[in-house]
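**Q**
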Amino acid sequence: MKTLVLCYSLEGNTKVLGEALAQGIDAEFERLIVKKEIKSKGFGKFIWGGRQVFMGKTPEIEEIKADIDEYDLIIVGTPVWAFTYAPAIRTLLSLGLINNKKVAFFCTHEGGPGKTIKNFVSSLDESNKFLSGIDLLNDKKDILQHRERIIEWAKGLISES
Ligand SMILES: Cc1cc2nc3c(=O)[nH]c(=O)nc-3n(C[C@H](O)[C@H](O)[C@H](O)COP(=O)(O)O)c2cc1C
5 MKTLVLCYSL
15 EGNTKVLGEA
25 LAQGIDAEFE
35 RLIVKKEIKS
45 KGFGKFIWGG
55 RQVFMGKTPE
65 IEEIKADIDE
75 YDLIIVGTPV
85 WAFTYAPAIR
95 TLLSLGLINN
105 KKVAFFCTHE
115 GGPGKTIKNF
125 VSSLDESNKF
135 LSGIDLLNDK
145 KDILQHRERI
155 IEWAKGLISE
165 S
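Written as structure tokens, this is what we have:
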């Protein structure tokens, strides 16, 4: 199954894990880049990032290089922001590029995943088949501690579908 891991990441954790996942399952990886990104340092990120979530913003992202049509499975990754997925994922879904695909989802968070997976599933276009969602705790030690778990998760859903 041709698989694309498509991640947004402000501070790099979701990216590092997404890249390790892609490598472990022989998939392509791409990071979503927000054109006018908020600063990733300091407390301001929570204010500006949270504000974007509450206002339902869809920040502009750079054009996605991968041709999504070529893939059978899209694995979307995001940090949790204010108990849901980051606004860049809202942008991704609003572009209408993910249709008639198998879709899986992972998020990284610091202990409050909220309704991130549920919200993602309800925002996904109905033409897609949602396979599975997983949330992974970023306890600031080493996000790659979850490497094996996420690879096993993805391999499992690929073999089942
Ligand atoms: C704006 C903002 C809001 C956040 N909200 C939450 C939250 O609601 N729950 C939680 O557990 N972590 C929250 N976090 C922490 C991130 O989800 C966590 O550090 C994540 O692993 C960062 O991923 P990244 O390095 O890929 O950006 C928030 C971080 C930011 C910047």
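Position one of the sequence shown corresponds to residue 5 (my numbering), numbered consecutively onward. Glycine residues also receive a C-beta, built at the ideal position from the N, C-alpha and C atoms.
Note down, in chain order, each residue of its chain lying with its Cβ closer than 8 angstroms to the Cβ of residue 70, except the 5 sequence neighbours on either side.
**A** Along the sequence shown, one-based indexing puts residue 70 at 66. Cβ within range, chain order: 8, 10, 32 and 34.
**Q** Within a Cβ cutoff of 7 angstroms, which residues of the same chain sit near residue 132, ignoring the five residues on either side of it in sequence?
**A** To locate residue 132, count along the sequence shown from 1; it is residue 128. So the qualifying residues of the chain are 102, 103, 104, 105 and 107.
**Q** Can you find the residues in the same chain that come closer than 7 angstroms, C-beta to C-beta, to residue 56, ignoring five residues on each side of it along the sequence?
**A** Taking the sequence shown and counting its residues from 1, one reaches residue 56 at position 52. 63 and 91, listed in sequence order.
**Q** Going along the chain, which residues of its own chain have a beta-carbon closer than 7 angstroms to the beta-carbon of residue 88, five neighbours each way excluded?
**A** Along the sequence shown, read from residue 1 onward, the residue named residue 88 stands at position 84. The answer, listed in chain order, is 57, 118, 119, 120 and 123.
**Q** My assumption, with CB atoms under 8 angstroms, is that residue 21 sits in contact with residue 148. Please give the rounded CB distance.
**A** As a position in the sequence shown, residue 21 is number 17, starting the count at 1. As a position in the sequence shown, residue 148 is number 144, starting the count at 1. In this structure, residue 21 and residue 148 form a Cβ contact; the two beta carbons are roughly 7 angstroms apart against a cut-off of 8 angstroms.
**Q** Quick check on residue 33: does DSSP put it in helix, strand or coil?
**A** Counting from one through the sequence shown, the residue named residue 33 turns up at place 29. It is a strand residue.
**Q** CB residue 93 to CB residue 82, shorter than 8 angstroms?
**A** Taking the sequence shown and counting its residues from 1, one reaches residue 93 at position 89. Taking the sequence shown and counting its residues from 1, one reaches residue 82 at position 78. Yes; because the gap between Cβ atoms is below 8 angstroms, this pair is in contact.
**Q** With a 10 Å radius around its C-beta and 16 neighbouring C-beta atoms as the bar for buried, classify residue 99 as buried or exposed.
**A** Within the sequence shown, residue 99 is the residue found at index 95, counting from 1. Burial call: exposed.
**Q** Mark residue 78 as exposed unless 16 or more other C-beta atoms lie within 10 angstroms of its C-beta, in which case mark it buried.
**A** Position 74 of the sequence shown, counted from the start, is the residue given in the question as residue 78. So residue 78 counts as buried.
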